[in-house]
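In our numbering, the protein residues as written are 38 to 239. Taking it in order: structure first as structure tokens, then the write-up.
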Amino acid sequence: MKRTDLIIATVVLVVAVITGLTLWNLNSQTRHIAKSDADILIGGSFTLVNQDGKTVTEKDFKGKPMLVYFGYTFCPDVCPTELQVMASALDQLGEAGSDIQPVLISIDPDRDKPEVIKEYIGNFHERLIGLTGSPEQIAAVAKLYRVYYSKVADKGGDANSYTMDHSSIVYLMDKNGNFIKHFNYGTSPENMAKGIKEALDR
Ligand code: NI
């Protein structure tokens with residue numbers, strides 16, 4: 038092999054390796070992006086109790102997309118704000134969102150008995166339903182949705198005035214109960230409505 042041929046062969050090899058690595062890197066980045074939301078395992082089977090004291094499971098929601106939020110009625114600010122955002126987003130969607138079932142799942146089963154939830158949800162949206170259950174049922178559904186919650190004792194020592202520390206995320210599930218996307222706390226009603234519409238039109 039001539040010296041120039043060796044140089045050309047080396048250059049070709051180096052270019053091929055760099056191109057290969059770049060393509061491989063781009064490909065893995067694309068895969069990473071695609072993995073962002075819909076591939077994450079969220080949701081699943083649950084057994085809970087609705088605001089009328091009736092036992093319900095995920096099967097009762099088949100055929101309707103769900104907008105799910107975990108919170109509690111005693112919450113001073115975060116939950117009412119987020120439920121207001123959900124209600125406002127649904128109102129903005131109008132007919133396009135008329136299928137969507139908004140759901141509040143309590144992470145405070147000790148205080149949120151069905152009748153308490155029933156009175157509370159009336160403040161937000163006419164289609165909003167409220168689910169509660171035994172502490173075990175709530176723990177199970179929270180785990181499925183990767184929701185964090187924890188009791189925080191009242192500083193004054195009043196056993197009934199505890200608050201709940203909890204994650205504040207709105208989940209959009211499709212009509213088969215599969216997770217589509219989530220909205221973080223602070224999302225505006227406009228952006229939530231837009232995000233829901235885009236996701237459901239897809
Ligand atoms: Ni809250």
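Glycine is no exception: its CB is placed at the ideal position from the N, C-alpha and C atoms.
Asked	Found
Report the rounded CA-to-CA distance for glycine 170 versus alanine 133, giving the unit in angstroms.	31 Å
Taking the alpha-carbon positions, what's the isoleucine 70 to alanine 190 distance?	For isoleucine 70, the predicted model reports a pLDDT of 43, less than 50, meaning its position is unreliable and no value from the coordinates is stated.
Nearest-angstrom Cα distance between glutamate 227 and isoleucine 166?	22 Å
Is histidine 203 near the ligand NI, with its Cβ less than 7 Å from a heavy atom?	yes
In this structure, what does DSSP give as the bridge partners for valine 93?	Leu85
Output needed for valine 153: all residues of its chain with C-beta closer than 6 Å, excluding positions within five of it in sequence on either side, in chain order.	Thr110
Residues with a Cβ closer than 5 Å to any heavy atom of the ligand NI, in chain order?	Gly108, Cys112, Val115 and Cys116
Please name the residue or residues paired with valine 186 in a DSSP beta bridge.	For the record, residue 186 in the displayed sequence is tyrosine; it is not valine. Paired residues: His203.
Identify the continuous alpha helix (DSSP H) that holds tyrosine 222 and give its terminal residues.	Where tyrosine 222 is concerned, there is no enclosing alpha helix (DSSP H), given that its DSSP letter is neither H nor E.
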